[in-house]
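First up is the structure itself, then whatever we jot down about it.
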Amino acid sequence: MKKNILESFDLIILLCVIVLVSTGIAFIYSSGVNSDGILVTNEYVKQIVWAGIGMVFLAFFALTDYRKCERISGWLFVVLLLVLVYTRLFGRYVNGAKSWLGIGDFGVQPSEFGKIIFILFLAKYLNGSANENPLKRLIISAVIFAVPTLLILAQPDLGTATVYIPIFFFMCFMAEIPLTYLMFLFGICASTVFFTILPVWNEYIAHNSVVLITTLSDFKLKMILILAAAAICAISIVVRYYFYGRKYYFWIAYVSAIIFIGLICSSGAGKVLKDYQIRRLIVFMDPSVDPLGSGWNIIQSKIAIGAGGAFGRSFLHGTQSHYRFLPQQSTDFIFSILSEEMGFAGGAVVFVLYMIIMWRTIVIIKNTSNKFGMYIASGILGMFVIHFFINVGMVMGIMPITGIPLLFLSYGGSSLLTAMSCIGLLMSINSRKFDFT
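Residue numbers for the sequence shown, in the working numbering: 495 to 931.
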């Protein structure tokens, strides 16, 4: 007799999600109360509605055989790209990015739902290309990753685009693409960020005239540096393969190629990203350089977390949120409100709940016998990891402010429905982990 799918649900994950979503609704309510104790927004009502719809999404994906998604993922990916292009051209501006579609108060963020489609399509490709050349797999996977990510960056929505990076690396790692290749791509991403923010960091924080920074700020000098990196790379390759064959020539070429490509990409990133977005990436290093501007969010968030102490001021008694010192307090800084009112103990409970969800996701990855399902679960794990650690690190002042919400807790229908749908996919994978049919 075939086992009832409902009996295979991971009830531990489901319980953690319900607790987190309920907690989020409670503190979204708290964020809407002002210093006079008057409720000034109805965001918590909307979140309850989104949570109800999210449970429907969760159940739908859990009860649907995830393997059916493999056949339609290609078409979904094409639709995603078309919607992202349309959003860039005709979308609604929210917080400086044209990343929303909607009418009146109702709006959706296509790039949020796009995470699921990206995961499904990349999982389909990785699953169907297991016997192909690893370099070819990496290149095609990188193209699948780059197209939607660049469209999202063009909005420009740096925070959401950032989430696609760990999804890509987690999935490629599980697909056994050589670590040397993955580290090369990671190096390019890291060097691009480094070369993009270094001049702005020098101007706003360091105030030093370092030769390298001056070079990166001057177009002609930067071009000379790019050509030099390209020449070193080319010479190292020639010497490595035609003369000496020593392995360290390979690593010289490897590093110089990363620098060369990173410098080129940083030139493009500097034109796409706005100054305020770059400042948000670096101001966490020293918020006092702009206490009333880019550093305000971090300063007020750290005050809220510190004021919470061990057990908090108690529910509805936080001052930072009720006096409206925390901007976007129901979305990006929901963890600050929770920490002020529930203290370190409340934050620790939330931390444990997320760790349990991630642990159970790893168990699902380990136990599933289907590669397509394993890749999907790996991408979802990457999404959960980046959302949690970036958001919590951001509000604590140890990570850049990127506008990434805290899944399940932060206010917002698009992010909540995406997260609940991912939980449903995990349930579907878990319930069919030994079903090869």
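We treat Cβ as the ideally placed atom computed from N, Cα and C, and that holds for glycine.
Item	Value
Nearest candidate by alpha-carbon position, reference residue 878, set 909, 866, 593	909
Residue 510 versus residue 846: straight-line alpha-carbon distance, rounded	9 Å
Pair within 8 Å by beta-carbon distance, residue 657 and residue 870	no
Residues near residue 751 in its chain [Cβ-Cβ closer than 7 Å; skip 5 each side]	727
Straight-line gap, residue 812 to residue 824 (C-alpha atoms, nearest Å)	13 Å
Buried or exposed by the 16-neighbour rule on C-beta atoms within 10 Å, applied to residue 931	Note that residue 931 scores a pLDDT of 48, beneath 50, so its modelled location is shaky; the value from the coordinates is reported in the next line. Looking at its Cβ environment, which holds fewer than 16 other Cβ atoms inside 10 Å, residue 931 is exposed.
CA-to-CA distance, residue 893 to residue 781, given in whole angstroms	12 Å
Assigned secondary structure, residue 508 (DSSP; H/G/I helix, E/B strand, else coil)	helix
Under the three-state DSSP convention, the category residue 805 falls into	coil
Cβ pair count under 8 Å reaching 3, the stretch 580 to 596 against the stretch 643 to 653	yes
Entirely enclosed alpha helix (DSSP H) segments - the stretch 744 to 790, minimum 4 residues	769 to 776
Touch test, the stretch 835 to 852 against the stretch 547 to 563, Cβ-Cβ under 8 Å, three pairs minimum	no
Beta-bridge partners of residue 586, as assigned by DSSP	594
C-beta atoms of residue 553 and residue 519 nearer than 8 Å	no
For residue 921 and residue 663, believed in contact at Cβ under 8 Å, the rounded distance	Wrong, their Cβ atoms sit about 24 Å apart, outside the cutoff.
Contact under 8 Å by Cβ, residue 608 with residue 642	yes
Residue 555: first and last residue of the uninterrupted alpha helix (DSSP H) it sits in	537 to 557
Assigned secondary structure, residue 902 (DSSP; H/G/I helix, E/B strand, else coil)	coil
Sheet register partners of residue 527 (DSSP bridge)	533
Run of the alpha helix (DSSP H) containing residue 896, from where it starts to where it stops	First-last for residue 896: undefined, no H or E at that position.
Nonlocal neighbours in the same chain, by C-beta distance under 6 Å from residue 880, ignoring five residues either side	657, 660
Environment of residue 826 [buried if 16+ CB atoms lie within 10 Å]	buried
Inter-stretch contact (C-beta, 8 Å, three-pair minimum) for the stretch 884 to 892 and the stretch 791 to 798	yes
Residue 823: first and last residue of the uninterrupted alpha helix (DSSP H) it sits in	First-last for residue 823: undefined, no H or E at that position.
Boundaries of the alpha helix (DSSP H) in which residue 660 is found, first to last residue	652 to 668
Limits of the alpha helix (DSSP H) - the one that residue 648 falls within	Counting along the chain, residue 648 falls outside any alpha helix (DSSP H), and DSSP gives it neither H nor E.
Any non-hydrogen atom of the ligand ADP closer than 7 Å to residue 878 Cβ	Absent from the structure shown: the ligand ADP. Ligands present: none.
Collapsed DSSP secondary structure at residue 516 in the structure displayed	helix
Stretch pair the stretch 714 to 724 + the stretch 754 to 761: three plus CB contacts closer than 8 Å	yes
Residues near residue 646 by beta carbon distance below 8 Å, same chain, minus five either side	578, 593, 605, 608, 654, 655, 658
Cβ distance (whole Å) where residue 753 is taken to contact residue 723 below 8 Å	5 Å
Coarse secondary structure for residue 671, derived from DSSP in three states	coil
Contacting residues, own chain, Cβ-Cβ under 6 Å from residue 833 (five flanking each side not counted)	799, 802, 841
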